[in-house]
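Chemist: Here you go, one structure.
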Amino acid sequence: MAIAIYPGSFDPITNGHIDIVRRAKKLFSKLYISIVANPNKNSLFTAEERVAITKAALAEAGINGLEVVSYEGLLIDCAKEHGADAIVRGLRANSDFEYEFQMALTNRDLAPEFESVFFMTAKKLSFLSSSIVKEVCKYGGDVSTFVPKSVETALREKLHTQQ
Ligand code: ADP
């Protein structure tokens with residue numbers, strides 16, 4: 002079975018990401034979550050915090066045997082470093098498609114040896130994004146159905162220190 006990396010900002014990890022992880026894990030002999038340290042977006046959490054939060058969330062969800070790493074620079078270099086065969090991404094809506102399509106084709110140009118593999122979102126998680134969770138939490142809304150408890154705690158602490 003092949004090795005895969007699941008890259009993203011994970012700022013923070015949500016139940017949507019966790020659903021993809023659970024499903025991808027069944028198809029690959031090894032799965033890495035690769036947290037991009039230099040996202041285009043301004044992230045709420047540092048790369049180190051996102052790694053720690055992701056590890057805690059996976060442990061809370063009872064998911065073992067996965068490695069959480071962070072990387073800077075090109076995704077394909079991270080894939081090479083970990084001996085990956087595939088790049089896992091999730092698709093929620095049309096709006097994701099455009100970006101994912103562009104990224105997958107660019108990565109194929111840069112490194113044709115990696116196959117991009119897409120997992121369709123679960124229906125009930127299709128609206129869920131890290132940005133929405135941060136927005137809801139910032140204004141005091143309940144995010145307990147969107148993220149594991151440990152993530153909710155980390156969010157509240159972070160947003161509290163920012164106020
Ligand atoms: P990025 O900034 O690289 O898009 P994200 O952490 O936002 O990083 O997302 C990482 C990947 O997980 C992306 O492919 C995204 O489409 C996917 N993803 C995020 N949330 C969900 C969800 N609720 N259902 C399915 N896929 C998702």
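Position one of the sequence shown corresponds to residue 2 (the working numbering), numbered consecutively onward. In this text, a Cβ means the ideal position worked out from N, Cα and C, and glycines have one as well. None of these values were measured; they are calculated from a predicted model.
#1: Which complete beta strand (DSSP E) runs does the stretch 78-152 hold, if anything under 3 residues is left out?
#2: Exposed or buried, which one is A60 when buried takes at least 16 other CB atoms within 10 Å?
#3: Does DSSP classify L32 as helix, strand or coil?
#4: Can you give the beta carbon distance from L67 to L32, rounded, assuming they're within the 8 Å contact cut?
#5: Does DSSP put G9 in a helix, in a strand, or in coil?
#6: Using a threshold of 9 Å, state whether the C-beta atoms of D20 and T146 are closer than that.
#7: Following a CB-centred definition, is P8 positioned closer than 8 Å to any heavy atom of the ligand ADP?
#8: Could you check whether I64 and V22 sit closer than 9 Å to each other, using their CB atoms as the reference points?
#9: For Y100, which residues in the same chain have their Cβ closer than 7 Å to its Cβ, ignoring the five residues on either side in sequence?
Modeler: The relevant details are as follows:
#1: Runs found: 87-92 and 116-121.
#2: exposed
#3: strand
#4: Contact between L67 and L32 holds: their C-beta atoms lie close to 5 Å from each other, under 8 Å.
#5: strand
#6: For D20 and T146, no; Cβs fall outside 9 Å.
#7: yes
#8: yes
#9: Same-chain partners within the cutoff: there are none.
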